[in-house]
Amino acid sequence: MTELSELYQQVILDHNKKPRNFHKLEDADRVSEGYNPLCGDQLTVYVQLDGDVIRDVSFEGSGCAISKAAASMMTQSVKGKTRAEAETLFKEFHGMVTGELDEEGAPNNLGRLKIFAGVREFPARVKCASLSWHTLNAALVGETVTTTENLGPDITSEQVSA
Amino acid sequence: MIATEKMINEPAPATWDVARIREEFPVLGQTVNGRPLVYLDNAASSQVPRVVIERGSRYLQEEHSNIHRGVHYLSQRATTAYEGAREKVRRFINAREAKECIFVRGCTEGINLVMHGYGRKFVGAGDEIVISAMEHHANIVPWQMLCEEKGARLRVIPMNDAGELLLDEYEALLNERTKLVAVMHVSNALGTINPIKEIAARAHKQGIPVLVDGAQGAPHLRIDVQDLDCDFYCISGHKMFAPTGSGVVYGKAEWLEQMNPFLGGGDMIRTVTFEKTTYAGLPNKFEAGTPAIASQIGLGAAIDFLNGIDREAAHAYEQELLAYATEKLSAIEGVRLIGTAREKTGVLAFVIDEVHPHDVGTILDQEGIAIRAGHHCAQPVMKRFNVPATARASFAFYNTKEEADALVGAVQKVIEVFS
């Protein structure tokens with residue numbers, strides 16, 4: 088049960104129950120919908136830019152505890168960041184949950200997002216954790232829809248050779 | 027080993043010997059995450075008994091060759107085994123002739139074959155196809171593709187809150203423009219057993235053919251296509267203890283003869299010139315290219331296996347398990363069952379207040395329990411019951427009451443984690 092309690096940590100359960108920035112952003116200038124067609128999760132990410140800075144960000148949608156908490160904490164982490172900073176964070180987060188990045192060894196900006204490191208022990212759930220990040224990324228590059236099926240497998244080289 | 031010769035009309039034993047049947051399924055003996063595997067995902071794919079594994083293995087070791095081609099020894103052995111499997115299928119579903127049993131990769135391919143062969147020939151602009159509100163995507167999407175291509179219209183039989191089709195509303199949908207009724211025998215998402223005989227009779231009164239998606243029917247019910255009087259019946263081997271890649275679409279010969287071929291290629295022709303090709307007779311007309319020979323021979327072995335067990339006792343046992351698990355699970359506060367039809371197979375779909383089914387699936391997996399969480403390729407069903415997804419435990423005759431108890435215990439654990 089240690090892996091399980093690592094996955095469903097109190098912070099994650101709390102964000103699932105009371106997601107932050109969980110609403111429509113009326114004056115958003117970037118909106119993107121994200122789908123995980125395999126499991127039916129869907130969410131919408133709203134971004135309001137101020138030049139190169141993410142002035143505000145929010146989300147709506149339905150999904151599991153992991154995807155909801157990840158989206159909630161994603162909005163908290165990127166608010167006020169530049170687009171470049173958000174993109175770096177996205178890459179680091181993705182690297183962490185797919186096992187490509189050692190968040191304790193390699194330098195990174197993940198901070199409290201490290202709480203999602205346990206997801207990599209659950210390959211079926213990697214896309215749940217990364218959906219909101221992929222959707223944010225799509226919004227920032229101006230795509231209105233993204234689905235996890237287009238993103239290639241969220242699996243590690245270790246899993247491929249297994 | 028269960029004697030495959032055992033006749034099905036032998037007197038049923040007083041009880042179903044589940045311990046003995048479990049020994050026939052090697053995969054069930056393992057541990058997952060330190061717990062004995064509890065396999066409750068049978069509606070997605072059932073496990074394979076030793077006799078089927080051994081039959082496939084024997085084919086690959088001793089008999090493999092291409093079928094219908096060679097005059098040599100191995101090709102004849104492979105052909106005999108493959109056509110033998112077809113005859114086993116014929117008896118299993120009581121088709122009139124073996125040539126009415128077309129081998130396909132599974133139900134999805136079977137339905138697509140009928141869509142191309144029957145639909146594209148006989149359905150035109152303004153015509154209607156009737157499906158039901160509980161269909162799997164495999165019995166929705168091909169018909170939508172056809173409707174889009176032909177300018178035809180899809181009509182949907184509604185269901186009640188228990189997940190039962192409304193037969194009067196069904197009959198009211200039928201008219202002179204209806205070219206096909208396509209319904210599932212048993213719902214993968216709800217467990218509902220549909221009254222196919224009645225549905226077919228009402229369609230036939232108006233001369234409308236009926237296709238049955240039998241993916242969830244064949245593993246649990248005795249199938250007699252002549253008694254059901256359906257025009258097409260589709261089967262997926264991997265849901266009835268055979269390997270993936272095996273399956274059958276049964277069609278009445280009078281329809282199959284009139285239909286266009288599905289895939290073009292080798293083995294489905296009589297003569298080919300650059301000017302004109304003539305097609306082979308049934309069943310070859312619908313079996314272009316080299317098929318999944320080992321898998322279909324495995325399907326034949328799975329049918330032998332099913333003939334060797336007491337299927338009435340197995341069915342009664344599955345019903346007992348379903349009743350037991352239903353009572354225990356529905357007694358838990360915060361759990362709601364989706365699919366409560368009077369006539370059901372061992373499918374137990376449920377939702378837990380404030381907990382997403384994927385989280386349920388992950389926590390159960392940690393307990394060694396395999397269930398399906400998601401929309402079950404039936405998104406309209408999820409919408410009908412106003413849920414994004416469900417968790418689904420689906421039973422087979424090798425599951426036990428102890429496994430049902432493990433499921434119930436794990437569900438309670440889920441509620442604790444999220445409380």
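From first to last, the protein sequence lines are chains A and B. For the numbering used here, add 87 to where a residue sits in the first sequence, where the first one is 1. For the numbering used here, add 26 to where a residue sits in the second sequence, where the first one is 1. Here a beta-carbon is modelled for each residue, glycine too, at the ideal position from N, C-alpha and C.
Problem set entry | Within chain A, partners of Gly400 (chain B) - CB distance below 8 Å | In the second sequence, the residue the question calls residue 400 (chain B) occupies position 374. In chain order: Leu125, Cys126 and Gly127.
Exercise. DSSP three-state call for Glu191 (chain A): helix, strand or coil?
Worked result: Stepping through the first sequence from its first residue, residue 191 (chain A) is reached at position 104. The answer is coil: DSSP assigns Glu191 (chain A) none of H, G, I, E or B.
For this session: Answer with buried or exposed for Ser445 (chain B), where buried requires no fewer than 16 other C-beta atoms within 10 angstroms of its C-beta.
Result: Within the second sequence, the letter at position 419 stands for residue 445 (chain B). Exposed is the call here.
Problem set entry | Cα-Cα separation between Ser213 (chain B) and Arg112 (chain B), rounded to whole angstroms | The residue given as residue 213 (chain B) occupies position 187 in the second sequence. The residue given as residue 112 (chain B) occupies position 86 in the second sequence. When rounded, the distance between both Cα atoms is 26 Å.
For this session: Tell me, to the nearest whole angstrom, how far the beta carbon of Arg146 (chain B) is from that of Asn286 (chain B); I am working on the premise that it is less than 8 Å.
Result: Counting from one through the second sequence, the residue named residue 146 (chain B) turns up at place 120. Counting from one through the second sequence, the residue named residue 286 (chain B) turns up at place 260. Arg146 (chain B) to Asn286 (chain B), Cβ: 6 Å. Contact.
Exercise. What first and last residue would you give for the alpha helix (DSSP H) that runs through Phe51 (chain B)?
Worked result: The residue you call residue 51 (chain B) lines up with position 25 of the second sequence. Neither: Phe51 (chain B) is in no alpha helix (DSSP H) and is coded neither H nor E.
For this session: Using a Cβ cut-off of 7 Å, pull out every chain B residue sitting near Gly150 (chain A), in sequence order please.
Result: For the purposes of this step, residue 150 (chain A) is taken as residue 63 along the first sequence, with counting starting at 1. Per Cβ cutoff of 7 Å: His382.
Exercise. Which stretch, first to last residue, makes up the alpha helix (DSSP H) that contains Phe331 (chain B)?
Worked result: Looking up residue 331 (chain B) in the second sequence gives position 305. Phe331 (chain B) -> alpha helix (DSSP H) spans Ile319 to Gly334.
Exercise. Residues of chain A with a CB under 9 Å from the CB of Ile441 (chain B): which are they?
Worked result: As a working mapping, residue 441 (chain B) is identified with position 415 in the second sequence. Correct list: empty, because the minimum Cβ distance to chain A is about 13 Å.
Problem set entry | Coarse secondary structure for Lys231 (chain B), derived from DSSP in three states | Here residue 231 (chain B) refers to the residue found at position 205 when the second sequence is read from its first residue. Residue state, collapsed to three classes: coil.
For this session: Kindly indicate if chain B contains any beta-carbon less than 8 Å away from that of Leu100 (chain A).
Result: As a first step, residue 100 (chain A) must be located in the first sequence, where it is residue number 13. With 8 Å as the cut-off, Leu100 (chain A) counts as an interface residue toward chain B.
Exercise. Using a Cβ-Cβ cut-off of 6 Å (strictly less than) and excluding sequence neighbours within five positions of Pro221 (chain B), which residues of its own chain qualify?
Worked result: As a working mapping, residue 221 (chain B) is identified with position 195 in the second sequence. Excluding residues within five positions, none has a Cβ falling inside 6 Å.
Problem set entry | Residues near His401 (chain B) by beta carbon distance below 6 Å, same chain, minus five either side | Looking up residue 401 (chain B) in the second sequence gives position 375. Closer than 6 Å at the Cβ level, and outside the excluded window around His401 (chain B), lie Met408 and Ala415.
Problem set entry | Touch test, the segment 131 to 138 of chain A against the segment 88 to 100 of chain A, Cβ-Cβ under 8 Å, three pairs minimum | no
Problem set entry | Neighbouring residues, chain B, relative to Phe209 (chain A) (Cβ below 8 Å) | In the first sequence, residue 209 (chain A) corresponds to position 122, counting from 1. In chain order: Thr388.
Exercise. What does Pro414 (chain B) reach in chain A if we use C-beta pairs closer than 7 Å?
Worked result: If you number the second sequence from 1, residue 414 (chain B) lands on position 388. Result: Gly127 and Ser149.
Exercise. With 8 Å set as the bound, which would you pick, yes or no: does the beta-carbon of Tyr95 (chain A) sit closer than that to a beta-carbon of chain B?
Worked result: Reading the first sequence from its first residue, position 8 is the one you call residue 95 (chain A). True, the Cβ-Cβ gap to chain B drops below 8 Å.
For this session: Taking Glu88 (chain B) as the reference, give the member of B:Gly96, B:Arg103, B:Arg95 and B:Ala399 with the closest Cα.
Result: Translated into the one-based positions of the second sequence, residue 88 (chain B) becomes position 62. Minimum Cα distance to Glu88 (chain B) is reached at B:Arg103.
Exercise. Of the choices B:Ile155, B:Gly290 and B:Arg122, whose alpha-carbon is the least far from that of Val182 (chain B)?
Worked result: Translated into the one-based positions of the second sequence, residue 182 (chain B) becomes position 156. Of B:Ile155, B:Gly290 and B:Arg122, the residue nearest in Cα terms is B:Ile155.
Exercise. Does the Cβ of Thr41 (chain B) have 16 or more other Cβ atoms within 10 Å, making it buried, or fewer, making it exposed?
Worked result: Locating residue 41 (chain B) in the second sequence gives position 15, where the first residue counts as 1. Per the 10 Å Cβ criterion, exposed.
Exercise. Mind checking if Arg212 (chain A) is an interface residue toward chain B, Cβ cutoff 8 Å exclusive?
Worked result: Locating residue 212 (chain A) in the first sequence gives position 125, counting from the first residue. True, the Cβ-Cβ gap to chain B drops below 8 Å.
Exercise. Does DSSP classify Thr388 (chain B) as helix, strand or coil?
Worked result: Translated into the one-based positions of the second sequence, residue 388 (chain B) becomes position 362. Reduced to three states, the DSSP call for Thr388 (chain B) is helix.
Exercise. Quick one: complete alpha helix (DSSP H) runs, 4+ long, within the segment 84 to 142 of chain B?
Worked result: 99 to 119 and 133 to 140
For this session: Go ahead and label Thr371 (chain B) buried or exposed: buried means 16 or more other beta carbons lie within 10 angstroms of its beta carbon, across all protein chains shown.
Result: In the second sequence, counting from the first residue as 1, residue 371 (chain B) sits at position 345. Result: buried.
Exercise. Mind pulling the chain C residues with CB within less than 8 Å of Asp385 (chain B)?
Worked result: Note that chain C does not occur in the displayed structure, where the protein chains are A and B.
Exercise. For Leu433 (chain B) and chain A, any beta-carbon pair shorter than 8 Å?
Worked result: As a working note, residue 433 (chain B) is residue 407 in the second sequence. Chain A contact via Cβ: absent.
Exercise. Under a three-way DSSP split, which group does Thr366 (chain B) fall into?
Worked result: In the second sequence, residue 366 (chain B) corresponds to position 340, counting from 1. Thr366 (chain B) falls in the coil class under three-state DSSP.
Problem set entry | Residue-level contact to chain A via CB, Glu376 (chain B), 8 Å cutoff | Here the question's residue 376 (chain B) lines up with position 350 in the second sequence. One detail in the question is off: residue 376 (chain B) reads as Phe in this sequence, not Glu. False, the Cβ-Cβ gap to chain A never drops below 8 Å.
Problem set entry | Met141 (chain B) versus B:Arg337, B:Cys260 and B:Val437, residue with shortest Cα-Cα distance | To locate residue 141 (chain B), count along the second sequence from 1; it is residue 115. Checking every option, the nearest Cα to that of Met141 (chain B) belongs to B:Cys260.
Problem set entry | Where Ser244 (chain A) sits in the DSSP three-state scheme | The count along the first sequence starts at 1 and reaches residue 244 (chain A) at position 157. Residue placement at Ser244 (chain A) is flagged as unreliable, the pLDDT there being 48, under the threshold of 50; the coordinate-derived value follows with that caveat. Looking at Ser244 (chain A) - three-state DSSP - the assignment turns out to be helix.
Problem set entry | Residue nearest to Tyr85 (chain B) in terms of C-alpha spacing, selected from B:Val74, B:Gly96 and B:Ser101 | For the purposes of this step, residue 85 (chain B) is taken as the residue at position 59 of the second sequence. Ranking B:Val74, B:Gly96 and B:Ser101 by Cα distance to Tyr85 (chain B) puts B:Ser101 first.
For this session: For the alpha helix (DSSP H) holding Lys427 (chain B), just list the boundary residues, first then last.
Result: As a position in the second sequence, residue 427 (chain B) is number 401, starting the count at 1. Counting along the chain, the alpha helix (DSSP H) containing Lys427 (chain B) begins and ends at Lys427 to Phe444.
Problem set entry | Contact under 8 Å by Cβ, Arg170 (chain A) with Leu218 (chain A) | The sequence position of residue 170 (chain A) within the first sequence is 83, counting from 1. The sequence position of residue 218 (chain A) within the first sequence is 131, counting from 1. Taking 8 Å as the Cβ cut-off, Arg170 (chain A) and Leu218 (chain A) do not qualify as a contacting pair.
Exercise. Is the segment 109 to 120 of chain A close to the segment 198 to 213 of chain A, with three or more CB pairs under 8 Å?
Worked result: no
Exercise. Which residues share a DSSP beta bridge with Gln129 (chain A)?
Worked result: In the first sequence, counting from the first residue as 1, residue 129 (chain A) sits at position 42. Partner(s): A:Tyr122 and A:Ser149.
Problem set entry | Continuous beta strand (DSSP E) assignments of at least 3 residues falling wholly in the segment 196 to 251 of chain B | 204 to 210 and 236 to 239
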